[in-house]
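Report on the structure given below.
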Amino acid sequence: MASGLQQMIPLPPPPKSKLGVYRQLSTMAGVHVSPLALGAMSIGDQWEKFGFGSMTKEDSFKLLDAYVDLGGNFIDTANNYQSESSEMFIGEWAEARGIRDQLFIATKYTHNPKLWDPSVNQKVMWSGNSIKSMHLTIESSLKKLRTSYIDLFYVHYWDFTTSIPELMHALHALVTTRKVLYLGISDTPAWVVTKANQYARCNALTPFCIYQGMWNVMERSFERDIIPMARDEGMALAPWGVLAQGKIRSDAEEEKRRQTGEGGRSVYTGWERTESEKKICRALEEVAKEVGAQSIAAVAIAYVMHKTRYVFPVIGGRKVEHLVSNLEALEIALTSEHIKAIESVVPFDLGFPGAIFGDGTFYGSRILASGHREIWPIAQPIVGHK
1 MASGLQQMIP LPPPPKSKLG VYRQLSTMAG VHVSPLALGA MSIGDQWEKF
51 GFGSMTKEDS FKLLDAYVDL GGNFIDTANN YQSESSEMFI GEWAEARGIR
101 DQLFIATKYT HNPKLWDPSV NQKVMWSGNS IKSMHLTIES SLKKLRTSYI
151 DLFYVHYWDF TTSIPELMHA LHALVTTRKV LYLGISDTPA WVVTKANQYA
201 RCNALTPFCI YQGMWNVMER SFERDIIPMA RDEGMALAPW GVLAQGKIRS
251 DAEEEKRRQT GEGGRSVYTG WERTESEKKI CRALEEVAKE VGAQSIAAVA
301 IAYVMHKTRY VFPVIGGRKV EHLVSNLEAL EIALTSEHIK AIESVVPFDL
351 GFPGAIFGDG TFYGSRILAS GHREIWPIAQ PIVGHK
């Protein structure tokens, strides 16, 4: 009987990489996805002139093939990336490979995808969080992605104009018609997300299950309000910019770039690092030596994945070798001492009120003054892979 059951329900073969060891997206989303999402901002051929880099269709397909071949299933794009060519390339690739059902594709609306389209004279309808912008984007994205549904649909950022009732009712309608399966929100103040989710719960609507925003070892503002908010809401986190726009590198690598003139991306900031950023990189190097890691970038990715639960970093790039190198992050197990060593070189101010009154991970002095207490530990993230 046992052998018959084993034949009928066989175990899967070992994964080619840890991308193929899937994790539940969040407490509010039962779908299981790869621990690293493939960021598709570079997939497409229209943004080289803006300094973001771009890829030919052939190279885009190679990167997508490599990610999926290694077990990846979580692809993150947006309606405006590469002037819409990102969604177009992904849609054509998924259709050609016949694997749409095996993928979890996230896209976004709010940013205007028609800014660079001379055929669209009046562009105002395509931007913001309004129902009109949402309707135009979802219909356009479905066509470009060559699909009947979007797995995860993000509000790209908050426009401070659209009302929460308008937004949440319109998003819920997309879910009930199955044009969208899950909802996410990106680059938005924590108070807006909490208010929106509370409105959704009170009105039997679909809440946001994941938050995307900038977070890395050099930029930790995320930790003040976003992480506590996500923890309380049961939301996942999809940090972008985890490698600090290429600033996480060794001194030797920086000198090599300077000599060769290669430099780096400079869309947001200059490519050379500040003294504080150099200190952080050196701390990452020391930790990499201790854990036997080849790449400090992998340590930086592992760092955010060790800070809290349900973290799915969005990893971009244009080269297959960089993708493979970043997978080392899934093998790294950092201790609390490693985290302290990384964070100690450049102090981080939690700010008011957390620094004074606590943030849920520790009691503030005013509470402790009333008596000795022990705080229940927060549930820990998955640490490396067995």
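So the sequence shown is residues 1 to 386, counted in full-length UniProt numbering.
No residue lacks a Cβ here, since even glycine has one placed at the ideal position from N, Cα and C.
Segment limits, beta strand (DSSP E) that includes residue i
{"i": "Pro239", "result": "236-240"}
{"i": "Leu323", "result": "Segment 320-326 is the alpha helix (DSSP H) holding Leu323; no beta strand (DSSP E) there."}
{"i": "Asp76", "result": "74-76"}
Delimiting residues of the alpha helix (DSSP H) encompassing residue i
{"i": "Leu171", "result": "164-176"}
{"i": "Gly354", "result": "354-357"}
{"i": "Phe222", "result": "222-233"}
{"i": "Ile367", "result": "365-368"}
{"i": "Ile280", "result": "275-291"}
{"i": "Phe153", "result": "Element bounds for Phe153: not the alpha helix (DSSP H) but the beta strand (DSSP E), 150-155."}
{"i": "Leu63", "result": "57-69"}
{"i": "Leu38", "result": "First-last for Leu38: 37-39, but that is the beta strand (DSSP E), not the alpha helix (DSSP H)."}
{"i": "Ser119", "result": "Taken as a continuous stretch (DSSP letters only), Ser119 belongs to no alpha helix (DSSP H), as it is neither H nor E."}
{"i": "Leu142", "result": "131-144"}
Cβ-based burial, residue i [other Cβ within 10 Å; buried from 16]
{"i": "Ala355", "result": "exposed"}
{"i": "Asp117", "result": "exposed"}
{"i": "Arg231", "result": "buried"}
{"i": "Arg224", "result": "buried"}
{"i": "residue 387", "result": "The chain is shown only over 1 to 386; residue 387 falls outside these bounds and no answer can be derived."}
{"i": "Thr188", "result": "buried"}
{"i": "Thr274", "result": "exposed"}
{"i": "Lys132", "result": "exposed"}
{"i": "Trp191", "result": "exposed"}
{"i": "Asn121", "result": "exposed"}
{"i": "residue 420", "result": "Since the displayed the chain opens at 1 and closes at 386, residue 420 lies outside it and no answer follows."}
Per-residue DSSP class, three states only, for residue i
{"i": "residue 411", "result": "With the chain running from 1 to 386 in the structure shown, residue 411 is simply not present."}
{"i": "Glu219", "result": "strand"}
{"i": "Leu30", "result": "A small fix is needed here, since residue 30 is Gly in this sequence, not Leu. Correct three-state label for Gly30: strand."}
{"i": "Arg309", "result": "coil"}
{"i": "Ser83", "result": "helix"}
{"i": "Gly91", "result": "helix"}
{"i": "Ala190", "result": "helix"}
{"i": "Gln102", "result": "helix"}
{"i": "Thr107", "result": "strand"}
{"i": "Ala252", "result": "helix"}
{"i": "Val346", "result": "coil"}
{"i": "Leu19", "result": "helix"}
{"i": "Ile315", "result": "strand"}
{"i": "Leu334", "result": "coil"}
{"i": "Gln24", "result": "strand"}
{"i": "Gln212", "result": "strand"}
{"i": "Val124", "result": "helix"}
{"i": "Gly4", "result": "helix"}
{"i": "Val180", "result": "strand"}
{"i": "Ile375", "result": "coil"}
{"i": "Ile301", "result": "helix"}
{"i": "Ile296", "result": "helix"}
{"i": "Ile382", "result": "coil"}
{"i": "Ile185", "result": "strand"}
{"i": "Glu272", "result": "coil"}
{"i": "Asn112", "result": "coil"}
{"i": "Thr161", "result": "coil"}
{"i": "Thr260", "result": "helix"}
{"i": "Ile9", "result": "coil"}
{"i": "Phe50", "result": "helix"}
{"i": "Lys340", "result": "helix"}
{"i": "Lys195", "result": "helix"}
{"i": "Gly246", "result": "helix"}
Cβ-Cβ separation, residue j to residue i (assumed contact under 8 Å), whole Å
{"i": "Ile43", "j": "Ser86", "result": "5 Å"}
{"i": "Ala283", "j": "Ala341", "result": "6 Å"}
{"i": "Arg146", "j": "Glu84", "result": "About 13 Å; that fails the 8 Å criterion."}
{"i": "Ala297", "j": "Asn326", "result": "6 Å"}
{"i": "Val175", "j": "Thr137", "result": "With a Cβ gap of about 15 Å, Val175 and Thr137 do not count as contacting."}
{"i": "Thr162", "j": "Ser130", "result": "5 Å"}
{"i": "Cys209", "j": "Leu25", "result": "7 Å"}
{"i": "Glu233", "j": "Asn197", "result": "6 Å"}
{"i": "Gly316", "j": "Gly39", "result": "4 Å"}
{"i": "Met305", "j": "Pro381", "result": "6 Å"}
{"i": "Ile75", "j": "Leu103", "result": "6 Å"}
{"i": "Arg318", "j": "Leu63", "result": "7 Å"}
{"i": "Tyr182", "j": "Ala29", "result": "5 Å"}
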